[in-house]
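Asker:
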Amino acid sequence: MKRFVIIFVLFSSGFLLGFFLNQHKDAPQTSLEHREGGYDLINPLLECTSDRAQELRPFEDVIAQLVRDVQREHGVTEAAVYFRDLDTGKWLGVNERELFTPASLVKVPIMMAYLKEAEADPDLLQKKLVYNPTSFKDSVQNVEPRETLIPGNSYTIQDLIERMITFSDNRAMDLLLEFGTGEKVLERTFIDLDIQVDHLPDPDRETDILSVKEYAGFFRILYNASYLNRAFSNIALSILSNVDFVGGLSAGVPFGVVVAHKFGERETSTGMQLHDCGIIYHPLRPYLLCIMTRGKNFNHLEEAISYISHGVYEEVDRQIKARIY
3 MKRFVIIFVL FSSGFLLGFF LNQHKDAPQT SLEHREGGYD LINPLLECTS DRAQELRPFE
63 DVIAQLVRDV QREHGVTEAA VYFRDLDTGK WLGVNERELF TPASLVKVPI MMAYLKEAEA
123 DPDLLQKKLV YNPTSFKDSV QNVEPRETLI PGNSYTIQDL IERMITFSDN RAMDLLLEFG
183 TGEKVLERTF IDLDIQVDHL PDPDRETDIL SVKEYAGFFR ILYNASYLNR AFSNIALSIL
243 SNVDFVGGLS AGVPFGVVVA HKFGERETST GMQLHDCGII YHPLRPYLLC IMTRGKNFNH
303 LEEAISYISH GVYEEVDRQI KARIY
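Numbering (our numbering), first residue to last: 3 to 327.
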């Protein structure tokens with residue numbers, strides 16, 4: 003039960019990422035952020051300047067219309083969107099404080115916790131764990147993992163992390179959480195992020211405790227390399243860029259554009275929820291996009307996320323190219 007405390011409190015505590023996000027608070031920014039290059043998928047923050055020449059024009063109206071479209075045409079009952087320009091730090095959103103059930107989105111902080119531990123103990127990632135299915139309660143996944151663990155086989159922690167993210171394999175996540183030091187690894191990370199354990203929830207309770215605006219903080223931390231070191235931040239985003247889910251955000255952008263993301267899906271007594279959050283590496287302007295949805299049909303929610311993702315990409319692309327040409 004203890005592992006559910008850790009997962010739940012991550013979000014129920016109000017997502018207090020204060021220490022790491024304090025320098026880049028989610029308020030409208032008035033400056034460009036200067037960053038250090040040299041990595042494929044991260045861009046550590048260096049300083050700010052008052053130069054506003056490259057800021058995108060706000061387009062909340064475009065996103066609001068996209069949300070209305072999917073509510074009318076894709077059977078979406080609720081949709082929330084958070085966008086952040088990773089070059090300037092400016093953000094905008096629609097229903098960005100609406101709460102949803104996190105589901106498999108919790109796998110990203112679990113990965114971060116293990117990679118943080120591996121900074122001090124590189125051998126940790128090569129430690130092997132044996133999968134014994136009798137130890138776990140199997141869960142239903144609408145997006146079935148293309149590959150899953152084989153009973154009796156042993157797997158390195160590195161392999162389990164990759165399977166947990168790439169295939170969204172719940173069995174890999176359960177094995178990582180069961181590992182003798184797994185809970186301590188998570189607790190240390192949450193303490194670092196100023197997240198407090200305060201009560202024990204019912205793990206089977208259907209609870210909406212997470213917003214797109216809150217969850218986006220994890221991807222900002224990875225992109226800024228402000229918690230994990232630069233090498234491990236880049237590794238984390240590399241794993242996220244190989245997620246075996248071609249719908250959602252990825253389906254909304256041109257072929258070949260890298261998307262480092264994680265989806266989460268949950269069926270509750272009131273319907274379906276599907277979320278997708280990550281970094282879209284537009285060749286001229288990388289941005290963070292989180293979309294969370296509710297509805298009655300999983301396929302319709304997937305199409306809705308792709309539709310919104312496409313609309314946002316088109317708007318960013320249009321604005322950037324208009325400046326160039």
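Every residue, glycine too, gets a C-beta built ideally from N, C-alpha and C. Note that the structure is a prediction, hence the values are computed from the model and not measured.
Using only alpha-carbon positions, find the residue among F102, A262 and F247 that is nearest to D171.
Answerer: To locate residue 171, count along the sequence shown from 1; it is residue 169. Cα-wise, what sits closest to D171 is F247.
Asker: Please go through the same chain and pick out, in chain order, the residues whose beta-carbon is closer than 7 Å to the beta-carbon of F181, but skip the five residues on each side of it.
Answerer: For this step, residue 181 is matched to residue 179 along the sequence shown. Excluding positions up to five away in sequence, the list reads L131.
Asker: Look at the alpha carbon of F61 and the alpha carbon of W93, and state the distance between them as a whole number of angstroms.
Answerer: Stepping through the sequence shown from its first residue, residue 61 is reached at position 59. Stepping through the sequence shown from its first residue, residue 93 is reached at position 91. The alpha-carbon separation between F61 and W93 amounts to approximately 10 Å.
Asker: Three-state secondary structure (DSSP) at V96?
Answerer: Counted from its first residue, the sequence shown places residue 96 at position 94. Strand, per DSSP.
Asker: Determine, using beta carbons only, whether A227 and P46 come nearer to each other than 7 Å.
Answerer: Against the sequence shown, residue 227 aligns to sequence position 225. Against the sequence shown, residue 46 aligns to sequence position 44. Cβ distance < 7 Å, so A227 and P46 count as in contact.
Asker: Suppose you measure from the CA of E216 to the CA of V145; what does that come to, to the nearest Å?
Answerer: Along the sequence shown, one-based indexing puts residue 216 at 214. Along the sequence shown, one-based indexing puts residue 145 at 143. Taking the straight line from one Cα to the other gives about 24 Å.
Asker: Please identify the residue among G273, D278 and H284 whose C-alpha is closest to the C-alpha of G258.
Answerer: For this step, residue 258 is matched to residue 256 along the sequence shown. Taking only the C-alpha atoms, the option nearest G258 is H284.
Asker: What is the DSSP secondary structure of T209, counted as helix, strand or coil?
Answerer: Position 207 of the sequence shown, counting from 1, holds the residue named residue 209. Looking at T209 - three-state DSSP - the assignment turns out to be coil, as it is neither helix nor strand.
Asker: Take I112 as the anchor and find which of P124, L101, L178 and A82 has the nearest alpha-carbon.
Answerer: Within the sequence shown, numbered from 1, the residue matching residue 112 stands at position 110. With distances taken between Cα atoms, I112 lies closest to L178.
Asker: Alpha carbons only, please: which of V96, G280 and A120 is nearest the one belonging to A81?
Answerer: Looking up residue 81 in the sequence shown gives position 79. Measuring from the Cα of A81, the nearest candidate turns out to be V96.
Asker: State the DSSP-derived secondary structure class of E267, mapped to helix, strand or coil.
Answerer: Here residue 267 refers to the residue found at position 265 of the sequence shown. Strand, per DSSP.
Asker: Under the DSSP definition of a beta bridge, which residues are partnered with K130?
Answerer: For this step, residue 130 is matched to residue 128 along the sequence shown. Its beta-bridge partners are T158.
Asker: In terms of DSSP beta bridges, what is K276 paired with?
Answerer: On the sequence shown, residue 276 is found 274 positions in, with the first residue counted as 1. The sequence given here has Leu at residue 276, not Lys. L276 is bridged to E267 and T295.
Asker: Report buried or exposed for N236, applying the criterion of at least 16 other Cβ atoms within 10 angstroms of its Cβ.
Answerer: As a working note, residue 236 is residue 234 in the sequence shown. Classified as buried, N236 has 16 or more neighbouring CB atoms from the shown chains inside 10 Å of its CB.
Asker: Does the region 274 to 293 come close enough to the region 312 to 323 to have 3 or more Cβ pairs within less than 8 Å?
Answerer: yes
Asker: How far does the alpha helix (DSSP H) with R86 in it reach, from first residue to last?
Answerer: On the sequence shown, residue 86 is found 84 positions in, with the first residue counted as 1. Counting along the chain, R86 falls outside any alpha helix (DSSP H), though it belongs to the beta strand (DSSP E) covering V78 to D87.
Asker: Give a yes or no on whether the minimum CB-CB distance between V64 and chain C is below 7 Å.
Answerer: The chain inventory of the structure shown lacks chain C, comprising one protein chain alone.
Asker: State the CB to CB distance for the pair V72 and Y289, rounded to an integer number of angstroms; the pair is presumed to be in contact (CB under 8 Å).
Answerer: Reading the sequence shown from its first residue, position 70 is the one you call residue 72. Reading the sequence shown from its first residue, position 287 is the one you call residue 289. No, V72 and Y289 are not in contact; Cβ-Cβ is about 19 Å, not under 8 Å.
Asker: Quick check: does the Cβ of R296 come within less than 6 Å of any heavy atom belonging to the ligand HEM?
Answerer: Of ligands this structure carries none, so the ligand HEM is not represented either.
Asker: Taking 7 Å as the cut-off, decide whether the C-beta atoms of K264 and L88 are in contact.
Answerer: Counting from 1 along the sequence shown, the entry for residue 264 is found at position 262. Counting from 1 along the sequence shown, the entry for residue 88 is found at position 86. No, they are not a contact pair.
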